[in-house]
Amino acid sequence: MSHFTTLGEFIIDRQKDFPGSSGELSRILSAIRLASKIVNQEINKAGVAADILGAAGSENIQGEQQQKLDVYADEKFIKAIEARGVVCGIGSEENDDYIAYESEKCQNGKYVLLMDPLDGSSNIDVNVSIGTIFSVFKRKSEIGTKAELKDFLQIGDEQVAAGYVIYGSSTMLVFTTGNGVHGFTYDPGIGTFILSHPDMKFPDNGKIYSVNEGNYNNFNQGVRRYIQYCQEIDASTNRPYTGRYIGSLVADFHRNLIKGGIYMYPATNAAPNGKLRLLYECSPLAFLAEQAGGSASTGNGRVMEVEPTELHQRVPYFIGSKEMVEMAETFLQTHKESAQ
Ligand code: P6P
């Protein structure tokens, strides 16, 4: 058997890449690895025996129907991260407020974590790929105290790590600590993640655009013109592009990262800031995108420069191949000026 690199070996080999960490960041990643294996197992048996399908009968702060697996995944990640004692608090899509761990061990932690424990969970019952998204910051509050809101409200450029787990035809963990983007595929036979996609790069351009075109009439003129641009016939620029929209951000992002493409969740009349959440969806994937040579924009600038004001705030979102995001921004700016 040819030698392969496990996630654990990779973390040890790359320990020097983790800024100012004496092993804590590695322990956060290994906690995410453990929790993702537990969640993966439950997702894969989310069928007859598990009684884990369907709605949990509760809503999250977004007013979204929580699925049983949403709540299950949230609990597993919170417990796995707490057990490592290097994170003092967690902000999660599934919890109205952030969680400040009570134990002394955790309050001595140098980091905070933000996560969407199971993004796209409305797809669980129809067997479509879903994902976990996470973001890690160094805390701003004093070590040895409880986590504070300011620990979580940090701009994307301050992230020390970010990544996602995609529970698809295979389960993958893709992350960055600011030194490139690396993908690991889970091998259930040996129960470990194997380095399968070292140094992932966004193709500079692509032929795939991902957007919910059901919202077309609610988009502003600039977004509508860009979608028309994607659909025009022009062989010299590989158009028309292909429309691919799974309804699961991690799945659309992952496919576009490998093949090239742009994912958009623009503002609509009903949702003037779009739908996606800055801190635990847009910002971590923006970190990955830029580390992979791609771009992530709100339409008015880099996602990684948005100053957060609240835990669950939303931003309009354009992310993917650099040249495609730039073209979308051009249409948005041109039509914004003409609308003024
Ligand atoms: P819509 C899932 O709820 C999610 O947050 C993303 O994973 C997905 O891309 C988007 O929302 C789908 O939203 O409004 O197109 O159904």
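Per the working numbering, the sequence shown starts with residue 14, numbered consecutively. Idealized CB from N, CA, C, for every residue including glycine. If you're wondering where the values come from, they're calculated on a predicted model, not measured in any experiment.
Item, Value
"Near the ligand P6P: K288 beta-carbon under 7 Å from a heavy atom", "yes"
"The ligand P6P heavy atom lying under 7 Å from the CB of L262", "yes"
"Beta-carbon proximity of R97 to V125, cut-off 8 Å", "no"
"Test item: CB-CB of V149 and Q304 under 8 Å", "no"
"Segments of 4+ residues assigned as alpha helix (DSSP H) that fall wholly inside the region 206 to 285", "234 to 244, 262 to 272"
"Close-in-space but distant-in-sequence residues of the same chain around Y199 (CB under 6 Å, 5 per side omitted)", "T184, F206"
"Helix, strand or coil at S310 [DSSP, three-state]", "strand"
"Same chain, Cβ closer than 8 Å to H348, five either side skipped, listed in chain order", "N233, Q234, G235, R238"
"Between the CA atoms of M277 and V338 - distance to the nearest angstrom", "9 Å"
"S105 - partner residues in DSSP beta bridges", "M128"
"Proximity to V84 [Cα-Cα], best of V141, L298, I137", "I137"
"Other residues of its chain near V61: CB distance less than 7 Å, five sequence neighbours each side excluded", "In this prediction, V61 has a pLDDT of 49, which is less than 50 and means its spatial position is unreliable; what the coordinates show is noted afterwards. Excluding residues within five positions, none has a Cβ falling inside 7 Å."
"Opening and closing residue of the alpha helix (DSSP H) in which D87 lies", "81 to 97"
"Through-space distance from F300 to A283, alpha-carbon basis", "28 Å"
"Own chain, CB closer than 8 Å to E245, minus 5 neighbours either side, in chain order", "R252, P253"
"Inter-residue Cα distance where the pair is M317 and V139", "33 Å"
"Supposed contact pair C101 and Y114 - C-beta distance, whole angstroms, cut 8 Å", "6 Å"
"Residue range of the beta strand (DSSP E) that includes K151", "143 to 151"
"For S334, three-class secondary structure by DSSP", "coil"
"L162, DSSP secondary structure in three states", "helix"
"For Y114: DSSP bridge partner residues", "Its beta-bridge partners do not exist; DSSP assigns none."
"Pairwise C-alpha distance: L20 and I56", "21 Å"
"Touching by the beta-carbon criterion (3+ pairs, under 8 Å), the region 156 to 163 and the region 279 to 297", "no"
"Residue nearest to L324 in terms of C-alpha spacing, selected from P201, M213, F165, T145", "F165"
"Which of helix, strand or coil DSSP assigns to A341", "helix"
"Cα-Cα separation, K220 to G122", "44 Å"
"beta-carbon D83 near the ligand P6P non-hydrogen atom, thresh 7 Å", "no"
"Residue interval of the alpha helix (DSSP H) (run including I179)", "First-last for I179: 174 to 180, but that is the beta strand (DSSP E), not the alpha helix (DSSP H)."
"The ligand P6P heavy atom lying under 7 Å from the CB of S135", "yes"
"Same chain, Cβ closer than 7 Å to C119, five either side skipped, listed in chain order", "E95, G98, V100, C101"
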